[in-house]
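A.B. asks: Let me give you the structure first, and then I'll get to my questions.
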Ligand SMILES: Cc1ncc(COP(=O)(O)O)c(C=O)c1O
C-alpha cells in the first residue's frame with residue numbers, strides 16, 4: 004500500500020513511494036523470495052488477485068521498484084532487469100531480423116560491441132550515426148524500415164549531448180521509436196519521456212542504486228503497447244530478471260538518489276572549474292557552464308551537470324593519452340579514491356586507516372610506505388591500459404572490463 008499524493012520526487016524516492024505494509028504497518032517493503040505463487044481457480048489475475056505466478060514473469064519485489072521508476076520518469080510502466088546490458092538488449096531483441104536501427108556512434112562501449120558483434124549477426128541492420136548532428140540523424144532514417152533509434156545522453160565516455168526533442172521528432176516522422184540510455188542523467192536531471200522519447204533505459208548499477216553493490220537495469224515506457232509486451236516477453240523468456248534481493252537493494256539505494264546526484268553535480272562542477280584553472284588544463288567535458296561549448300537546441304540533458312568519473316586534467320579522450328595517465332596516477336598516489344570506471348558509484352575516500360570514510364585499512368601505514376609496498380597493484384586493469392601492447396600481468400581478481 005502506498006500513500007503518495009502530490010509528493011515531490013525526492014520524497015517519493017526517499018519513502019519508496021510512501022509504502023506502508025497493509026498488514027503490519029511496516030514502512031519498509033519486504034523482500035519476496037518466493038519463485039512461485041498460488042494460482043487462483045480462475046487463472047492468474049482473476050477476481051482481482053495480485054497476478055503473480057512465477058518470478059521469471061514477475062515478483063512483488065520487482066513491482067515495488069518498478070512503480071517508483073515509473074513515477075519518477077513519468078511513464079506508463081517499467082521493467083527491472085538483471086543488468087543494464089539486459090535492459091539495453093531487450094528493445095533490440097523485441098524487433099525482428101531485417102529491421103533497420105539507427106544508433107549513436109559514441110556511447111557505452113559494451114552496447115556498441117553487442118550491436119556490432121551480436122545484433123548484426125542476428126539480422127538487425129545497424130547504422131551508427133553522430134546523433135548530436137541532427138542532419139546526420141535525419142539522413143539515416145528510412146521511413147517504414149527504421150524501427151528504432153537508440154541514443155545515449157550524456158554519452159559515456161565523452162558526455163556528448165543529444166537533443167532529445169528534435170531526435171524524437173525525426174524518429175517519429177520516419178515511423179520509428181526513440182529509446183534513450185539515460186543512465187548518466189537519471190530522472191533527477193532529465194525526464195526523457197517529457198521530450199517525446201518512447202523508451203528510457205538505465206544501467207541501474209550506476210547512479211540509481213549508487214552503492215556499487217547491485218547489478219541492475221531498467222526500462223520505462225511512455226505507453227503500454229504491443230512493442231512493450233514483446234519487451235516483457237524477452238525478459239520473461241530469456242530469464243533476464245534480477246533477484247528479489249537486488250530489487251530490494253535497488254529500491255533502498257534510490258532513497259538517496261536525489262541527494263547523491265545533487266552532490267555529484269556539485270563535485271563535477273568544482274572539478275571542472277579546478278581543471279580550467281590548472282596551468283595544463285583544458286575544458287573538461289562536463290555538460291554545463293564549465294564544459295566546452297555544446298550544440299544549441301532543446302537539450303533535455305542540460306537541466307543539470309553530471310559527474311565525470313576519471314579525472315583528466317588533459318581534458319582529452321578518457322582512453323589513452325599522457326593527461327589520462329597523469330590523472331590516474333595523481334588520484335591514486337594521493338590516496339584520494341580507488342580507481343574505477345563506474346559513474347554513480349559510492350564514494351570511497353581512501354585517506355588512511357581509521358579515517359572516517361576510509362576504504363580498506365592500509366596495514367603498511369603511511370602513504371609513502373604503502374606506495375613502495377611490493378605485490379600486485381590494486382587495479383591491474385588500469386596497469387594493462389598503460390602497458391598497452393605488452394602482456395597483461397597475472398592478477399588475483401582481474402578487472403576484466405571497465406564499466
Ligand atoms: C551508459 C551505460 N549504459 C549501459 C551500461 C551497461 O550496464 P551494466 O554494466 O549494468 O550491464 C553501462 C555500464 O557501464 C553504462 O555506463
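Numbering (the working numbering), first residue to last: 4 to 406.
We put the beta carbon where it would ideally sit given N, CA and C, even for glycine.
1) When you measure from the CB of residue 86 to every non-hydrogen atom of ligand 1, does any distance come out below 7 Å?
2) Would a C-beta distance cut-off of 8 Å place residue 68 and residue 188 closer than the cut-off?
3) With DSSP run on the structure shown, which of helix, strand or coil describes residue 372?
4) Shorter than 7 Å, the distance from the beta carbon of residue 159 to the closest heavy atom of ligand 1, or not?
5) Got a sec: does ligand 2 put a non-hydrogen atom nearer than 7 Å to the Cβ of residue 118?
6) Measuring alpha carbon to alpha carbon, tell me which residue in 227, 273, 232 and 238 is nearest residue 220.
7) Spell out a yes or no on whether the stretch 114-122 and the stretch 262-279 are touching, meaning 3 or more CB-CB pairs, one atom from each, closer than 8 Å.
8) For the candidate residues 112, 150 and 136, whose alpha-carbon lies nearest to that of residue 129?
9) Distance, Cα to Cα, residue 172 vs residue 37?
10) Using CA coordinates, which residue listed in 287, 57, 162 and 77 is at the minimum distance from residue 195?
11) For residue 166 and residue 135, what's the separation of their Cα atoms in angstroms?
12) Is residue 205 helix, strand or coil by DSSP?
13) Going by DSSP, which residues form a beta bridge with residue 221?
14) For residue 74, which residues from the same chain have a beta carbon less than 7 Å from its beta carbon, with the 5 sequence-adjacent residues on both sides left out?
15) Compute the Euclidean distance between the alpha carbons of residue 152 and residue 264, then round it to the nearest angstrom.
16) Helix, strand or coil, according to DSSP, for residue 16 in the structure here?
17) Under 6 Å Cβ to Cβ from residue 12, same chain only, skipping five residues before and after it: list those, please.
18) Can you look up residue 162 in the DSSP assignment and give me helix, strand or coil?
19) Compute the Euclidean distance between the alpha carbons of residue 132 and residue 145, then round it to the nearest angstrom.
20) Taking DSSP as the reference, what is the three-state secondary structure of residue 226?
21) So, for residue 125: in the same chain, excluding its five sequence neighbours on each side, which residues have a beta-carbon less than 7 Å away from its beta-carbon?
C.D. replies: Inspection of the coordinates gives the following:
1) yes
2) no
3) For residue 372, the predicted model reports a pLDDT of 36, less than 50, meaning its position is unreliable and no value from the coordinates is stated.
4) yes
5) Summarising the ligand content, the structure contains ligand 1 and does not contain ligand 2.
6) 238
7) no
8) 150
9) 44 Å
10) 77
11) 7 Å
12) strand
13) 83 and 205
14) 15 and 20
15) 27 Å
16) helix
17) 75
18) coil
19) 13 Å
20) coil
21) 100
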